Structures are given as C-alpha cells and as structure tokens.
Amino acid sequence: MGANPQAAHDQAHDSGETGHFTLRTYLAGFAAAAALTVVPFWIVMTGAITNTAVASAVLVALAIAQILVHTAAFLHVNARVQGGWTLIAYVFTVVLLLITISGSVWIMYHLNTNMMPGMMGDPMSQAP
Amino acid sequence: MTTSPEVAGDRPVFYQIEEGTVHAGGTLLGFWIYLMSDALLFASMFATFGVLSSSFAGGPTPRELFDLGLVAVNTAILLVSALTCGLAMISLQSGRLAATRWWLVATALLGAAFVGVELREFGELIAEGATPQRSGYLSAFFTLVGTHGLHVTFGVLWIGVMLVQLGQRGLHPDNRRRLLCLSMFWHFLDVIWIGVFTFVYLLGVL
Chain A
4 MGANPQAAHD QAHDSGETGH FTLRTYLAGF AAAAALTVVP FWIVMTGAIT NTAVASAVLV
64 ALAIAQILVH TAAFLHVNAR VQGGWTLIAY VFTVVLLLIT ISGSVWIMYH LNTNMMPGMM
124 GDPMSQAP
Chain B
7 MTTSPEVAGD RPVFYQIEEG TVHAGGTLLG FWIYLMSDAL LFASMFATFG VLSSSFAGGP
67 TPRELFDLGL VAVNTAILLV SALTCGLAMI SLQSGRLAAT RWWLVATALL GAAFVGVELR
127 EFGELIAEGA TPQRSGYLSA FFTLVGTHGL HVTFGVLWIG VMLVQLGQRG LHPDNRRRLL
187 CLSMFWHFLD VIWIGVFTFV YLLGVL
C-alpha cells in the first residue's frame, strides 16, 4: 500500500470527468481525420467519381466517419466520461439535428414542388 | 477539556473546505450541454442552407463562386490547429506550463489564419457582387459560414485571455478547468467545419 492514495484518486477523478489524453490518441485521430479530409477533396477536385449520386453518398459517408473520429479522439466522448452523460447528451443532440435538418429539407422540397404558383387553383391563373 | 476543538483562544476558527474552486466536473458537463445547444443552432442554419441550397434567384451558383483550393487550405489550417490544441492539453496534463502556452499560441495563430483566409474569401465574393442580398442561397451561405467564423474568432480571443491568465497564475486548477472547456470548444468548431466543407463547398461544387 505504498501508492499515494491522493494521486490515485486524482487520476481516477480525471479520467472520470474528461478522459485521459494521450499523444497516441491525438496522433491517430489526426492521421485518420487528415485522410478523411484529403479523400473527399480529392474526389471533388479531380472528378474521380463521375456519378454524382454515388459521389454525394461517398462524401456524406466520409463526413460522418470524420465527425465520429473527431468526437472519439479529440472530444473524448465515451460511455465512461461523466458517467455517460456527455454521450447521452451527444446522442440526443444528433437525433434532434437529424430531425431538424432532414425534416426541414424534406417538407420544404415537397412544398416547393407541389405548391408552385398555378397549381393551387389560383383564380388569377385561371382567369381568361 | 474544551467542548469545541475549533475554538482556539476565544476566537472561533473556520475551515473553508471547498477552497472557493468550482467543482470542475460540473462545469465541464455544463459546458458540454452548451456546446450541444450550439450544435442545435448550427443544425437550424444547416437546415436553412439545405432548404435554400438551390435558391439562386438567377445569381451565381456554388460552382462559379468557390475556389476549392482555398477551402482545402483553410480546412488543413483548422485541422492542424485541432492537433496543436490537443498537444496543449497533453502539455497541460503533464504540468508543463511553457509547452502549454506555446501550443496555445500556435493554435491561436492558426485560428487567426483561418479567419483571415475566410474574410479574404468573403471579400472576393462580395467584390464579385455575390453579396448576402443577392439570393436566398447566398444569405444562407453567409449566415452559416459567417457564424462559424465568428465562433472561431471568439475562440482566438478566448485563447488570448487564457494566455494572460496562464501568465498570471500558471497551471492553477481554475485555469485547467477553463483550458479543458476551451479545448472542447475548439474541437467542437472543427466538427462543425466538417459539415461546412462537406455540405456547403464539396457537395455544392460537385
């Protein structure tokens, strides 16, 4: 029992609140993030994928992957930090974010295409 | 035998157990909740941008507007600043004050460079007549990207304040807590930028 209990407590306290930062985590995260940044720019700037739909899907997938890398390696979000509360807040925010963005785009797209002027039985447009 | 050992002489002695320091864990969780609400602010701007992403009103389209080389440079600057910010946190963790300060200086310089390049880009767009008033698309573009740039600007100011605080009080527990919040803020802005360069620039030009 020669270990300093206060230091051990501080250590445990630290990792419980912020996670323990290591150089390896940061460098690995940086390497992955750099690759996930270079590839989408390369795809668009060289026109490597000619099919626009496929290219868009690849870009979105790479962005999601990079966001997850940043969240894990740089923001240190995991199930242990703060007893899991940062992770719960993060997941909740992602759900709200997806509902807000996809819902807005979806509804406004349909309003745009289905309610163009002239399709509403507008008496002015039917006037002789 | 005295009834109360806290009484020395006739003067009661008080012990301040909390030492006036705010409990760091609560602050960090609270700051995280703030960042999540900030993410929702950006979510509404991304939603607006998505809705207006083809409302050009006969004005310029992203393919004509954006110089992807410049955006790539800015993305690289912000990504490297995330690494220098992380290195500052590692120095902070091992109690090296000088290294912490130098990595923070590097982070602030990269942040300032990012804002500088972005302002140059905005200046060129406005000089070409692509102002926020030109179309719904450009209004949404300037609001979204400008708000992110404003966040980075305040991050740079915050780093400046922390450099002064570190100079005055060193690696005090209060300063550690503030730096941990600052690091979360900085990495959060980098995450938002991933959304910006993918959805605004790359998918716009594609």
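Quick mapping for you: the protein sequence lines, in order, are chains A and B. All the letters of the first sequence, read from the start, carry residue numbers 4 to 131 under my numbering. All the letters of the second sequence, read from the start, carry residue numbers 7 to 212 under my numbering. Note that the Cβ used here is the ideal one computed from N, Cα and C, for glycine as well. As the structure is a prediction and not an experimental result, all values here were calculated from the model.
Under 8 Å between C-beta atoms of residue i and residue j
{"i": "A/L76", "j": "A/Y29", "result": "Note that residue 76 of chain A is Ala in the sequence shown here, rather than Leu. Closer than 8 Å, so yes."}
{"i": "A/A58", "j": "A/I46", "result": "yes"}
{"i": "B/F55", "j": "B/L150", "result": "yes"}
{"i": "B/R107", "j": "B/L185", "result": "no"}
{"i": "A/T89", "j": "B/L35", "result": "yes"}
{"i": "A/L39", "j": "A/V61", "result": "no"}
{"i": "A/V80", "j": "A/L65", "result": "no"}
{"i": "B/V162", "j": "B/A105", "result": "no"}
{"i": "B/R69", "j": "B/V211", "result": "yes"}
{"i": "B/G166", "j": "B/L103", "result": "no"}
{"i": "B/G31", "j": "A/Q85", "result": "yes"}
{"i": "A/A114", "j": "B/I96", "result": "Sequence check: residue 114 of chain A is Leu here, not Ala. Result no, Cβ atoms of A/L114 and B/I96 do not sit closer than 8 Å."}
{"i": "A/I67", "j": "B/A53", "result": "no"}
{"i": "B/F48", "j": "B/I198", "result": "yes"}
Which of helix, strand or coil DSSP assigns to residue i
{"i": "A/M48", "result": "helix"}
{"i": "B/G65", "result": "coil"}
{"i": "B/L103", "result": "helix"}
{"i": "A/N81", "result": "coil"}
{"i": "A/F33", "result": "helix"}
{"i": "A/Q69", "result": "helix"}
{"i": "A/T116", "result": "helix"}
{"i": "A/R27", "result": "helix"}
{"i": "B/E134", "result": "coil"}
{"i": "A/N54", "result": "coil"}
{"i": "B/Q139", "result": "coil"}
{"i": "A/L62", "result": "helix"}
{"i": "B/G176", "result": "coil"}
{"i": "B/L212", "result": "coil"}
{"i": "B/F205", "result": "helix"}
{"i": "B/I200", "result": "helix"}
{"i": "A/H16", "result": "In this prediction, A/H16 scores a pLDDT of 44, lower than 50, which makes its location untrustworthy; no coordinate-derived value is stated."}
Among the options, nearest to residue i - alpha-carbon criterion
{"i": "B/M42", "options": "A/M118, A/I104, A/F95 and A/L71", "result": "A/F95"}
{"i": "B/F194", "options": "A/I70, A/N117, A/T40 and A/A31", "result": "A/I70"}
{"i": "B/T90", "options": "B/V111, B/E70 and B/R102", "result": "B/V111"}
{"i": "A/F24", "options": "B/S189, B/L103 and B/T204", "result": "B/S189"}
{"i": "B/L208", "options": "B/A49, B/L74 and B/T67", "result": "B/L74"}
{"i": "B/G135", "options": "B/G101, B/L71 and B/G122", "result": "B/L71"}
{"i": "B/L46", "options": "A/V97, A/R27, A/M111 and A/G106", "result": "A/V97"}
{"i": "B/L144", "options": "B/G201, B/Q171 and B/L131", "result": "B/L131"}
{"i": "B/M51", "options": "A/H113, A/A82 and A/L100", "result": "A/L100"}
{"i": "B/F203", "options": "B/A88, B/V79 and B/V86", "result": "B/V79"}
{"i": "B/A146", "options": "B/T33, B/S59, B/G32 and B/I39", "result": "B/S59"}
{"i": "A/G32", "options": "B/L85, B/F205 and B/G210", "result": "B/L85"}
{"i": "B/D196", "options": "B/V158, B/Q171, B/I165 and B/G210", "result": "B/V158"}
{"i": "B/T81", "options": "B/F62, B/L163, B/R183 and B/H154", "result": "B/H154"}
{"i": "A/T74", "options": "B/R69, B/A88 and B/G142", "result": "B/A88"}
{"i": "A/G106", "options": "B/R69, B/V57 and B/D44", "result": "B/V57"}
{"i": "B/T113", "options": "B/G64, B/G31 and B/A94", "result": "B/A94"}
{"i": "B/T33", "options": "B/S97, B/P66, B/D44 and B/R182", "result": "B/R182"}
{"i": "A/L78", "options": "B/G129, B/F191 and B/G201", "result": "B/F191"}
{"i": "A/M48", "options": "B/V77, B/A49, B/E124 and B/A63", "result": "B/V77"}
{"i": "B/S141", "options": "B/D44, B/A53, B/I39 and B/G64", "result": "B/G64"}
{"i": "B/E124", "options": "B/F62, B/G152 and B/P138", "result": "B/G152"}
{"i": "B/F148", "options": "B/F160, B/W164 and B/G129", "result": "B/G129"}
Per-residue contacts from residue i into chain D (C-beta, under 8 Å)
{"i": "B/D196", "result": "The structure shown has no chain D; the protein chains it does contain are A and B."}
(request) Note down, one range per segment and in chain order, each alpha helix (DSSP H) of at least 4 residues found wholly within the segment 43-90 of chain B. (result) Residue ranges of uninterrupted alpha helix (DSSP H) with 4 or more members, entirely inside the segment 43-90 of chain B and ordered along the chain, are 68-71.
(message) Output needed in chain order: residues of the segment 35-57 of chain A with a Cβ under 7 Å from some Cβ in chain B.
(response) Residues passing the 7 Å Cβ filter: A36, A37, T40, P43, F44, V47, M48 and T55.
(request) Below 8 Å between beta carbons is the criterion; list the residues of the segment 123-154 of chain B that meet it against any residue of chain A, in chain order. (result) In summary, no residue of the segment 123-154 of chain B has a CB separated from any CB of chain A by less than 8 Å.
(message) Counting only Cβ-Cβ distances shorter than 7 Å, please list the residues of the segment 73-88 of chain B near chain A, keeping chain order.
(response) Under the 7 Å Cβ criterion, the segment 73-88 of chain B contributes L74, A78, T81, L85 and A88.
(message) Against chain B, which members of the segment 86-100 of chain A pass a CB distance test of less than 8 Å?
(response) W88, T89, A92, Y93, F95, T96, L99 and L100: these are the residues of the segment 86-100 of chain A whose beta carbon lies less than 8 Å from some beta carbon of chain B, given in chain order.
(message) By the 8 Å beta-carbon criterion, what residues does the segment 56-70 of chain A contribute toward chain B?
(response) Residues A58, S59, L62, V63, L65, A66, Q69 and I70.
(message) Give me the subset of the segment 103-120 of chain B whose CB atoms are less than 7 Å from a CB atom of chain A, sorted by chain position.
(response) Within the segment 103-120 of chain B, no residue has a Cβ lying closer than 7 Å to any Cβ of chain A.
(request) Report the residues of the segment 156-172 of chain B with a CB closer than 7 Å to any CB of chain A, ordered along the chain. (result) Of all residues in the segment 156-172 of chain B, none has a Cβ within less than 7 Å of some Cβ in chain A.
(request) Check distances from the C-beta atoms of the segment 40-52 of chain B to those of chain A and list, in chain order, the residues that come in under 9 Å. (result) Cβ contacts with chain A come from L41, M42, S43, A45, L46, F48, A49, S50 and F52.
(message) Taking beta-carbon pairs under 9 Å, can you tell me which members of the segment 173-192 of chain B lie near chain A?
(response) Legend: CB atoms of the segment 173-192 of chain B lying less than 9 Å from CB atoms of chain A belong to residues L186, S189, M190 and W192.
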